[in-house]
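Data block below; observations after.
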Amino acid sequence: MSRETYYRDHWVDIEPDRLDRYEEQFAWSAGKDRLLEPADIAAGHKVADYGCGPGFVSVELARRVGAGGHVHAFDINSDFVARTRQRVADEGIAERVDVTHLQGDVLPLGENALDRLVVKNVMLYVDDPLASFAEFRRVVKPGGKVHAIDSDFYMTAFDPVTPEDWRVLLDAALPAFRTPEIGRKMYGLARRAGFSDVAVRVIAVPDTMGRMLNLVRNLAGYARESGTHDEATVQRVVDVATRAVADGDFFALNPQFLVTATV
Ligand SMILES: C[S@@+](CC[C@H](N)C(=O)[O-])C[C@H]1O[C@@H](n2cnc3c(N)ncnc32)[C@H](O)[C@@H]1O
7 MSRETYYRDH
17 WVDIEPDRLD
27 RYEEQFAWSA
37 GKDRLLEPAD
47 IAAGHKVADY
57 GCGPGFVSVE
67 LARRVGAGGH
77 VHAFDINSDF
87 VARTRQRVAD
97 EGIAERVDVT
107 HLQGDVLPLG
117 ENALDRLVVK
127 NVMLYVDDPL
137 ASFAEFRRVV
147 KPGGKVHAID
157 SDFYMTAFDP
167 VTPEDWRVLL
177 DAALPAFRTP
187 EIGRKMYGLA
197 RRAGFSDVAV
207 RVIAVPDTMG
217 RMLNLVRNLA
227 GYARESGTHD
237 EATVQRVVDV
247 ATRAVADGDF
257 FALNPQFLVT
267 ATV
């Protein structure tokens with residue numbers, strides 16, 4: 007894979023073990039409801055799930071819009087497209103959700119087609135985040151909302167991994183992200199894209215289950231793919247984090263930035 011386009015290529019072509027980790031990492035739980043709250047999704051809404059991954063968000067959106075609404079799910083990875091189709095079929099809501107394998111950054115939707123567009127943990131990876139916000143604005147009708155949820159990797163922590171080692175891991179994994187600090191940037195980007203109102207909220211809930219260990223393993227994989235990493239440090243981070251989760255004395259935080267932009 008080319009270093010320049012790795013941030014996109016590693017999604018088009020995902021290793022099987024990372025694909026499986028996402029099933030665990032992105033599974034929905036009641037605690038995540040607050041991430042969708044500001045989107046104010048109601049029965050009958052037409053909603054897009056941009057970068058649907060394994061489909062957990064699509065299922066939640068389909069529940070909220072009900073039988074009278076519709077969800078358009080999009081992803082650039084064909085396995086995720088298949089998994090999302092299977093998931094909504096298993097949930098008995100396939101008629102409410104269509105899933106499209108996206109080939110570029112332009113949505114196959116007309117202007118004002120949607121009431122809401124949700125984009126969760128995807129803005130880190132898009133080619134041009136400002137152009138994406140503008141594209142989202144095009145397909146959402148006046149008064150509708152674009153709701154973006156994302157991390158800012160330079161605001162994450164995993165104690166007792168030292169800040170120095172954590173930074174080495176992040177820096178080595180950098181080619182995997184187009185904009186690793188997207189969390190802090192989304193408010194300004196949405197303003198520049200011309201939305202009439204932009205609300206921002208940050209939710210920082212410490213991970214007490216050790217789910218962030220999957221993120222650590224993914225970051226280590228990205229660092230190794232980059233080929234310029236310091237293996238001793240990367241392995242130390244994985245070992246320290248794994249041991250601390252087993253011992254139950256870790257503190258892991260990955261704040262989520264919620265930007266709700268009204269068209
Ligand atoms: C971290 S996962 C998040 C999945 C899902 N939104 C969730 O929160 O459960 C990122 C997803 O974005 C997709 N993705 C990455 N770049 C994309 C792009 N430019 N356009 C659309 N989807 C993209 C990936 O294939 C992957 O499914």
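The numbering used here puts the first residue of the sequence shown at 7, with every later residue one more than the last.
Note that beta-carbon positions come from the ideal geometry of N, C-alpha and C, so glycine has one too.
query: C-alpha gap between PRO186 and LEU130, whole angstroms; result: 6 Å
query: Extent of the continuous alpha helix (DSSP H) run through GLN109; result: It is not in any alpha helix (DSSP H) - GLN109 carries neither H nor E in the DSSP assignment.
query: Spatially closest choice to VAL243 from MET218, VAL105 and GLY37, by CA coordinates; result: MET218
query: Environment of LYS52 [buried if 16+ CB atoms lie within 10 Å]; result: buried
query: N-terminal and C-terminal residue of the alpha helix (DSSP H) that PHE62 is part of; result: 62-71
query: C-beta contact flag for GLY189 and GLN262 at 9 Å; result: yes
query: Which listed residue (GLY61, GLU30 and ALA247) has its alpha carbon closest to that of ASP171; result: ALA247
query: Top-ranked residue by Cα proximity to PRO22, from ARG144, PRO60 and TRP34; result: PRO60
query: Three-way DSSP call (helix, strand, coil) for HIS16 in this model; result: helix
query: Neighbourhood of VAL265 by C-beta distance below 7 Å, restricted to the same chain and skipping five residues each side; result: ALA154, MET192, TYR193, ALA196, VAL204 and VAL206
query: Alpha-carbon spacing of GLY254 relative to ASP245, whole angstroms; result: 14 Å
query: Short Cβ contact (9 Å threshold) for TYR13 with PRO166; result: no
query: Opening and closing residue of the beta strand (DSSP E) in which GLY74 lies; result: First-last for GLY74: undefined, no H or E at that position.
query: Residue from LEU41, SER84, ALA48 and ALA95 with nearest C-alpha to VAL65; result: ALA95
query: Same chain only: Cβ atoms within 7 Å of ALA210, ignoring 5 sequence neighbours per side; result: LEU259 and PRO261
query: Entirely enclosed alpha helix (DSSP H) segments - the stretch 161-209, minimum 4 residues; result: 169-179 and 188-198
query: Proximity test, TRP17 beta-carbon vs ligand 1 heavy atom, cut-off 8 Å; result: yes
query: Residues that THR268 bridges to, as DSSP identifies them; result: LYS151 and ASP203
query: Between the CA atoms of THR168 and PHE256 - distance to the nearest angstrom; result: 12 Å
query: At least 3 beta-carbon pairs within less than 8 Å: the stretch 125-144 vs the stretch 224-232; result: no
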